[in-house]
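Structure first, commentary second.
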Amino acid sequence: MIRAVIFDVDGTLVTFTFDIVGTRSALIGELLGRGYSTTNLTTTTLTQVILDSAKEQIDSGQVKDDYQTLRSRVYSMLDRFELDSAREAKPIHGTLKTLKALRLSSMRLGALTNSGRAGATKVLKKGGLMDVFELILTRDDVPAMKPKPDGILRALDLFNLSKDELLCVGDSVIDIQAADAAGVRVASVATGNYSRERLLAEGADLIMSSISELPALLRTLS
Numbered sequence: 002m003i004r005a006v007i008f009d010v011d012g013t014l015v016t017f018t019f020d021i022v023g024t025r026s027a028l029i030g031e032l033l034g035r036g037y038s039t040t041n042l043t044t045t046t047l048t049q050v051i052l053d054s055a056k057e058q059i060d061s062g063q064v065k066d067d068y069q070t071l072r073s074r075v076y077s078m079l080d081r082f083e084l085d086s087a088r089e090a091k092p093i094h095g096t097l098k099t100l101k102a103l104r105l106s107s108m109r110l111g112a113l114t115n116s117g118r119a120g121a122t123k124v125l126k127k128g129g130l131m132d133v134f135e136l137i138l139t140r141d142d143v144p145a146m147k148p149k150p151d152g153i154l155r156a157l158d159l160f161n162l163s164k165d166e167l168l169c170v171g172d173s174v175i176d177i178q179a180a181d182a183a184g185v186r187v188a189s190v191a192t193g194n195y196s197r198e199r200l201l202a203e204g205a206d207l208i209m210s211s212i213s214e215l216p217a218l219l220r221t222l223s
């Protein structure tokens, strides 16, 4: 029985314009300027993969640097981009109504985002969503971002639930990958950049066209 739902934020609960190409280009430029090899990195490379590449070069002795210091610099850069983009954020239609309905049904709710705490807080407050969550986890709260499973495993621990009692909801492939790595079911919602067909092909357990479909979907799982 599902007792808690963990939601991705960007593209799942809210929409806003984020210059991901410009952001990743800046991150790659930062690494290049610090002596890292960036040959295999592009603006389509996930941020966590960019960081993993840097850590591998540090661990192998290819680059003399401190990973935690580098990660802090990268996170600070991301914070600036996210806070700027958060000004345009708005909740996807039906989001607040759906979340409130789930709370009334005693479902425990959490948010898990690759955004930093500052940007996520601004986005959630702007959308009136901050107070509906029992738990909010950002990249600042976990060792690694999605598609790594760290955030989901942390949520399971804090909720004190087993894996079959948690459902993850997200709009992207990395949400599916993170849930799969954590051994948790995932319901994908096609309100982001991926089609229903792509999300199903990537391994989504369940699929929705809108977050408003979630209460009915959860009833089928009980």
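For the sequence shown, the positions run 2 to 223 when our numbering is used.
Just so you know, even glycine gets a beta-carbon here, dropped at the ideal spot from N, CA and C.
How is residue i classed by DSSP in three states: helix, strand or coil?
i	result
Ala5	strand
Val124	helix
Lys91	strand
Ala1	Nothing in the structure corresponds to residue 1, since the chain is present only between 2 and 223.
Thr39	coil
Thr1	Absent from the structure is residue 1, since the part of the chain shown begins at 2 and ends at 223.
Asp11	strand
I believe residue i touches residue j by the beta-carbon criterion, under 8 Å. Please report the beta-carbon distance rounded to the nearest angstrom.
i	j	result
Arg140	Ser116	7 Å
Phe134	Leu110	5 Å
Leu162	Arg25	Actually they do not touch by this definition, with Cβ atoms about 34 Å apart.
Ser189	Asp181	Not confirmed; about 12 Å, so no contact.
Gly193	Ser173	6 Å
Could you tell me whether any Cβ in chain D is nearer than 8 Å to the Cβ of residue i?
i	result
Leu84	Looking at the structure shown, chain D is missing, and only one protein chain is on hand.
Mark residue i as exposed unless 16 or more other C-beta atoms lie within 10 angstroms of its C-beta, in which case mark it buried.
i	result
Leu222	exposed
Lys147	buried
Glu198	exposed
Leu100	buried
Lys149	buried
Looking only at its own chain, which residues have a Cβ that is under 6 Å from the Cβ of residue i, when we skip the five neighbours before and after it?
i	result
Val15	Ala90, Pro92, Val124 and Gly128
With distances taken from CA atoms, which of the options is nearest residue i?
i	options	result
Leu215	Leu97, Leu47 and Ala145	Leu97
Thr45	Leu71, Ile21 and Val143	Ile21
Leu47	Arg186, Ala145, Ala102 and Val6	Ala145
Val6	Cys169, Leu113, Asp80 and Arg74	Cys169
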